[in-house]
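Working notes for the structure below.
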Amino acid sequence: MPSLAQLLEDSMPFTAARNHRHATLHEITGRDFRASQPDPTMPDDVPPELRPGESDENIVAANFIWQFDHDADAPATFRNLRVWSRGMGMRYKHPATVCKRLDFQDLLVTYTDGRGETLPLMPEFVVGTWHVAGGRIDEDETDWWRLRANTDQSLLVAFVFEERDGGVFPMSRDEVDALGEAFMPGPDVPHYLEFLCTTNASARICIGNTRHIALVSLTTCRERPDFVGGDFMGFARFYPHVMFMSTNDLATAEVRIRFERPAKAMTHGDAEMEDTIKALVVSDANHNHTATAFIPGLAEFPVPVTDNIFDYYVTDPDQVFGKDKKEKPARLDSAERKALGDDAKHHEDHLAQEDGEVTLADARFKGARTLKSCVARDGGDWENIQKEPRQGQFDNVHLAPRMKLSFVEVSGVGTVDHAVNHVNLTDITMVFVCLHDCLHMHVRWGLFATNKSACGFANGRPYSKPGAPTVPENQTVFASFPNGHTLNYRAHAESVPSRRWQVFCHHGAAYPIEIWPTIKGHRTVSLMRTAVLGVDLLNRDISRIFPQMPDKSWAAFYWRCRYTGKAGKPAVERLRSKLTRCLR
Numbered sequence: 000m001p002s003l004a005q006l007l008e009d010s011m012p013f014t015a016a017r018n019h020r021h022a023t024l025h026e027i028t029g030r031d032f033r034a035s036q037p038d039p040t041m042p043d044d045v046p047p048e049l050r051p052g053e054s055d056e057n058i059v060a061a062n063f064i065w066q067f068d069h070d071a072d073a074p075a076t077f078r079n080l081r082v083w084s085r086g087m088g089m090r091y092k093h094p095a096t097v098c099k100r101l102d103f104q105d106l107l108v109t110y111t112d113g114r115g116e117t118l119p120l121m122p123e124f125v126v127g128t129w130h131v132a133g134g135r136i137d138e139d140e141t142d143w144w145r146l147r148a149n150t151d152q153s154l155l156v157a158f159v160f161e162e163r164d165g166g167v168f169p170m171s172r173d174e175v176d177a178l179g180e181a182f183m184p185g186p187d188v189p190h191y192l193e194f195l196c197t198t199n200a201s202a203r204i205c206i207g208n209t210r211h212i213a214l215v216s217l218t219t220c221r222e223r224p225d226f227v228g229g230d231f232m233g234f235a236r237f238y239p240h241v242m243f244m245s246t247n248d249l250a251t252a253e254v255r256i257r258f259e260r261p262a263k264a265m266t267h268g269d270a271e272m273e274d275t276i277k278a279l280v281v282s283d284a285n286h287n288h289t290a291t292a293f294i295p296g297l298a299e300f301p302v303p304v305t306d307n308i309f310d311y312y313v314t315d316p317d318q319v320f321g322k323d324k325k326e327k328p329a330r331l332d333s334a335e336r337k338a339l340g341d342d343a344k345h346h347e348d349h350l351a352q353e354d355g356e357v358t359l360a361d362a363r364f365k366g367a368r369t370l371k372s373c374v375a376r377d378g379g380d381w382e383n384i385q386k387e388p389r390q391g392q393f394d395n396v397h398l399a400p401r402m403k404l405s406f407v408e409v410s411g412v413g414t415v416d417h418a419v420n421h422v423n424l425t426d427i428t429m430v431f432v433c434l435h436d437c438l439h440m441h442v443r444w445g446l447f448a449t450n451k452s453a454c455g456f457a458n459g460r461p462y463s464k465p466g467a468p469t470v471p472e473n474q475t476v477f478a479s480f481p482n483g484h485t486l487n488y489r490a491h492a493e494s495v496p497s498r499r500w501q502v503f504c505h506h507g508a509a510y511p512i513e514i515w516p517t518i519k520g521h522r523t524v525s526l527m528r529t530a531v532l533g534v535d536l537l538n539r540d541i542s543r544i545f546p547q548m549p550d551k552s553w554a555a556f557y558w559r560c561r562y563t564g565k566a567g568k569p570a571v572e573r574l575r576s577k578l579t580r581c582l583r
């Protein structure tokens with residue numbers, strides 16, 4: 000029978016602070032919060048390969064780099080979420096704005112009798128706010144927090160709701176503390192009293208008022224290299240969590256989070272960067288598909304061209320999936336519907352799906368499914384794709400600026416009719432390991448990503464199963480894009496048991512910093528770029544399109560991840576899709 004204090008101990012910020020002597024935890028009472036400006040250390044700019052045995056990684060992993068603001072009058076909103084980056088040429092000199100606003104909206108619950116209720120995240124329902132500076136989570140420290148992390152600044156706000164007299168009312172901190180361990184009865188304590196009305200009829204009444212608790216927290220983490228496989232890129236993770244518990248069984252519980260990035264990116268004078276942030280949504284492939292499936296010399300890492308690591312993607316989802324639902328799952332014909340039987344309904348939109356939304360996880364699908372003749376790779380025929388259990392219409396979201404590239408192609412050198420072609424490529428999407436001002440959110444990774452951080456939920460435990468969504472098994476996740484720089488995230492949980500935690504947005508998000516400062520990190524990136532820039536020549540006996548494209552350009556790298564073709568011919572996409580069929 001946990002008290003409020005015991006429930007707080009289950010959260011990520013409190014777990015990070017517990018038993019770690021360098022962490023500081025204090026309660027904020029009735030005032031605004033501003034994280035102080037960090038003062039990270041930047042080691043001397045000496046390439047790691049020139050100093051074997053010495054590494055910057057311990058310094059980088061220890062640096063505090065995050066800032067954000069929180070106002071007591073808007074307790075479910077965080078503003079100006081910024082990271083002091085050593086990447087993009089900034090060397091910790093300027094902060095990059097990851098989110099202008101991070102808004103948690105009112106919770107929605109539905110009882111088993113069909114009655115709905117709104118739980119407002121308003122100041123009067125707050126029973127406490129806590130700030131944690133620093134901390135550490137060790138691997139497999141608890142059932143919920145099983146990934147190693149060095150935490151940075153964290154803030155947790157506890158909301159308590161009590162239902163009585165037909166409405167939802169706040170509880171004071173004194174009232175909550177007075178209940179002690181009876182505040183949220185344990186799972187084995189009866190909450191209903193059943194009695195016999197007549198010989199053939201019985202009834203049940205609730206013992207005590209219904210109570211709900213929501214722990215809304217933002218946990219930021221110092222830089223680590225384990226967001227993607229290979230330990231070659233440093234990422235700064237952040238976790239906007241809602242941990243929710245009720246004294247009653249619920250039919251559904253729903254959380255909405257709005258991630259708003261700046262409309263304009265910080266280009267820092269980079270000639271290859273465009274200044275408008277745009278969205279990208281991707282469905283990861285579950286198998287490697289090209290002849291050069293892996294990078295030579297790095298057997299565990301696939302060549303990151305789109306037709307190898309993705310099944311399909313949409314580069315401007317705010318334009319493709321609007322309120323008028325321009326793109327929907329293709330309707331089944333009569334033969335398909337007959338063959339699928341009762342499963343036919345699963346090939347159409349989720350019943351809870353709203354206009355303009357796509358799914359990032361779908362709890363309806365208990366088993367794998369096959370979508371037929373919907374993608375074509377590398378100029379080949381249309382082929383089937385396999386979706387893993389609970390996999391949604393897309394898997395991950397990126398909000399980042401696009402890139403551009405200008406160069407000169409000279410042909411016929413030494414001849415009278417030699418030609419000079421000025422090439423200008425724009426709107427280049429960073430389709431893999433975005434290095435420049437990108438917010439990453441992965442709700443699922445491809446089946447061949449077996450690193451622990453990419454594994455999803457299985458049997459109620461995170462980081463357990465490759466190819467599984469990174470949300471609990473009873474959650475469906477929806478995403479919509481009111482504009483190119485904003486993601487609306489909606490997590491919809493069904494069959495929510497009483498007096499057990501339901502964690503929303505467990506996976507969090509991440510912001511890329513720079514190549515991890517080790518010999519392995521630099522070597523991996525070098526091999527990856529070499530593999531992408533040479534993949535056309537490795538796969539085909541043809542002249543590569545744009546042979547004079549600058550090989551050391553990141554814009555060129557991203558362009559070649561997505562496009563291919565023969566010299567002198569128009570570029571073609573490596574991966575094509577019939578989107579309406581992919582959305583089934």
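Take the sequence shown: its position 374, counted from the start at 1, is 373 in numbering that gives the first Met the number 0, and no numbers get skipped. Built from N, CA and C at the ideal position, the CB exists for glycine as well.
Applying the criterion that 16 or more other CB atoms from any shown protein chain within 10 Å of the CB defines a buried residue, is residue 270 buried or exposed?
exposed
For residue 12, I'd like the list of residues in its chain whose CB is within less than 6 Å of its CB, leaving aside the five on either flank, ordered along the chain.
Excluding five sequence positions before and after residue 12, the CB atoms of its chain that fall closer than 6 Å to its own CB belong to 131, 153, 155, 216, 218, given in chain order.
Residue burial classification, residue 191 (beta-carbon count within 10 angstroms, cutoff 16)
In this predicted model, residue 191 has a pLDDT of only 48, less than 50, meaning its place in the structure is not dependable; the value taken from the coordinates is given anyway. Per the 10 Å Cβ criterion, exposed.
Short of 6 Å in beta carbon distance, which residues of its chain neighbour residue 108, apart from the five on each side in sequence? Order them along the chain.
116, 249, 252
Looking only at its chain, what residues have a beta carbon closer than 7 Å to the beta carbon of residue 40, apart from the 5 residues adjacent to it on each side?
58, 62
Counting Cβ pairs, one atom from each stretch, are 3 or more of them under 8 Å apart for the region 252-263 and the region 478-486?
Verdict: yes, contact present.
Starting from the N-terminal side, write out each stretch of the beta strand (DSSP E) that is 3 residues or longer and does not extend beyond the region 380-454.
381-386, 395-410, 418-427, 438-441
What residue range does the beta strand (DSSP E) around residue 220 cover?
209-220
Are three or more beta carbon pairs between the region 519-526 and the region 135-150 nearer than 8 Å?
no
Pull the bridge partners of residue 144 from the DSSP assignment, please.
Partner(s): none; residue 144 has no beta bridge.
Counterpart residues of residue 351 in DSSP-defined beta bridges:
Answer by DSSP bridge pairing: none, since residue 351 is not bridged.
Of the residues 177, 239, 510, 3, the one placed nearest residue 103, counting alpha carbons only
Ranking the options by Cα distance to residue 103, first place goes to 239.
DSSP state of residue 527 mapped onto helix, strand, coil
helix
Leaving out five residues before and five after residue 356 in sequence, what residues of the same chain have Cβ atoms less than 6 Å from its Cβ?
The answer, listed in chain order, is 477, 479.
Within the same chain, show all residues whose beta-carbon is closer than 8 Å to that of residue 1, passing over the 5 residues directly before and after it, in chain order.
180, 182, 183, 185
Residue 410 to residue 421 span [Cα, whole Å]:
11 Å
Could you tell me the distance, in whole angstroms, from the CA atom of residue 167 to the CA atom of residue 126?
15 Å
Unbroken beta strand (DSSP E) runs of length 3 or more, entirely within the region 229-270: which are they?
232-245, 249-259
In three-state terms, what does DSSP make of residue 194?
Any answer about residue 194 is weak, because its pLDDT of 45 lies below 50 and its placement is not dependable; what the coordinates show is given next. Residue 194: strand per DSSP, three-state reduction.
Is it the case that the region 432-442 contacts the region 390-398, given that we only count it when at least three CB pairs across the two stretches are under 8 Å?
yes
Measuring only the C-alpha atoms, how far is residue 581 from residue 374?
8 Å
What are the boundary residues of the alpha helix (DSSP H) that includes residue 308?
305-308
Collapsed DSSP secondary structure at residue 13 in the structure displayed
helix
If you count every other CB in all the chains shown that lies within 10 Å of the CB of residue 29, and 16 or more means buried, which is it?
Around the beta carbon of residue 29, fewer than 16 other beta carbons sit within 10 angstroms, so the residue counts as exposed.
As a quick exercise: from 427, 159, 558, 173, pick the residue whose alpha carbon is nearest that of residue 315.
Of the candidates 427, 159, 558, 173, the one whose C-alpha sits nearest the C-alpha of residue 315 is 427.
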